[in-house]
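Visitor:
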Amino acid sequence: MSSHSGHSAFARVEDEALITGRGRYIADAPQPGMLYAAFVRSPHAAARITSVDIDAAKSSPGVIAVLTAADIEKAGIGSISNHPPVPGGRDGKPLAMPYRPTLAGARVTHVGEPVVAVIAETE
-6 MSSHSGHSAF ARVEDEALIT GRGRYIADAP QPGMLYAAFV RSPHAAARIT
44 SVDIDAAKSS PGVIAVLTAA DIEKAGIGSI SNHPPVPGGR DGKPLAMPYR
94 PTLAGARVTH VGEPVVAVIA ETE
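Take the sequence shown: its letter number 49 is residue 42 in my numbering, and every next letter is one higher.
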């Protein structure tokens, strides 16, 4: 049982199925024509990206698209953030939200930052 924000406790009914491997997730229900995304992530905490070679991935069977920061920029996709601007700065203005690129371009700033997205017919 859990209690959240003063609300009454509630019983979780899905836990046993999930922890015993009998649970179903959205990935367990593939749809016709469904595509999969996989990300190449940075192994470095801070690094400059000098080049990204995507030729081998693009020519792999079943690969539909291989996207880099240049593709994202060309498509006009800007920063992603975890939430909308938060009010409450000392002067009452919304707090500044850092720029979070969809895919790292010139540099990575943390381990695991996505650098390339691969869209394919299979996992």
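Glycine residues also receive a C-beta, built at the ideal position from the N, C-alpha and C atoms.
If I'm right that Arg34 touches Glu106 with Cβ under 8 angstroms, what's the distance once you round it to whole angstroms?
Guide: Position 41 of the sequence shown, counting from 1, holds the residue named residue 34. Position 113 of the sequence shown, counting from 1, holds the residue named residue 106. At roughly 6 angstroms, the Cβ-Cβ gap stays under 8 angstroms, so Arg34 and Glu106 are in contact.
Visitor: Using the rule of at least 16 other Cβ atoms within 10 Å of the residue's Cβ for burial, across every protein chain shown, is Leu88 buried or exposed?
Guide: In the sequence shown, the residue the question calls residue 88 occupies position 95. Its Cβ having fewer than 16 others within 10 Å, Leu88 is exposed.
Visitor: If I measure Cβ to Cβ from Pro136 and keep anything under 7 angstroms in the same chain, skipping five residues before and after, which residues do I get?
Guide: Residue 136 is absent from the model: the chain starts at -6 and stops at 116.
Visitor: DSSP has Ala60 in a bridge; who is on the other side?
Guide: In the sequence shown, the residue the question calls residue 60 occupies position 67. One detail in the question is off: residue 60 reads as Leu in this sequence, not Ala. Answer is Ala110, bridged to Leu60.
Visitor: Whose C-beta lies closer than 7 angstroms to the C-beta of Pro80 among residues of the same chain, with five residues either side of it excluded?
Guide: The residue labelled residue 80 in the question sits at position 87 within the sequence shown. Only Pro87 meet the Cβ criterion.
Visitor: Run through DSSP, which three-state label would Phe49 get?
Guide: Counting from one through the sequence shown, the residue named residue 49 turns up at place 56. Note on residue identity: the sequence assigns Ala, not Phe, to residue 49. Three-state result, Ala49: helix.
Visitor: What residue range is occupied by the uninterrupted beta strand (DSSP E) comprising Ala68?
Guide: Within the sequence shown, the letter at position 75 stands for residue 68. Counting along the chain, Ala68 falls outside any beta strand (DSSP E), and DSSP gives it neither H nor E.
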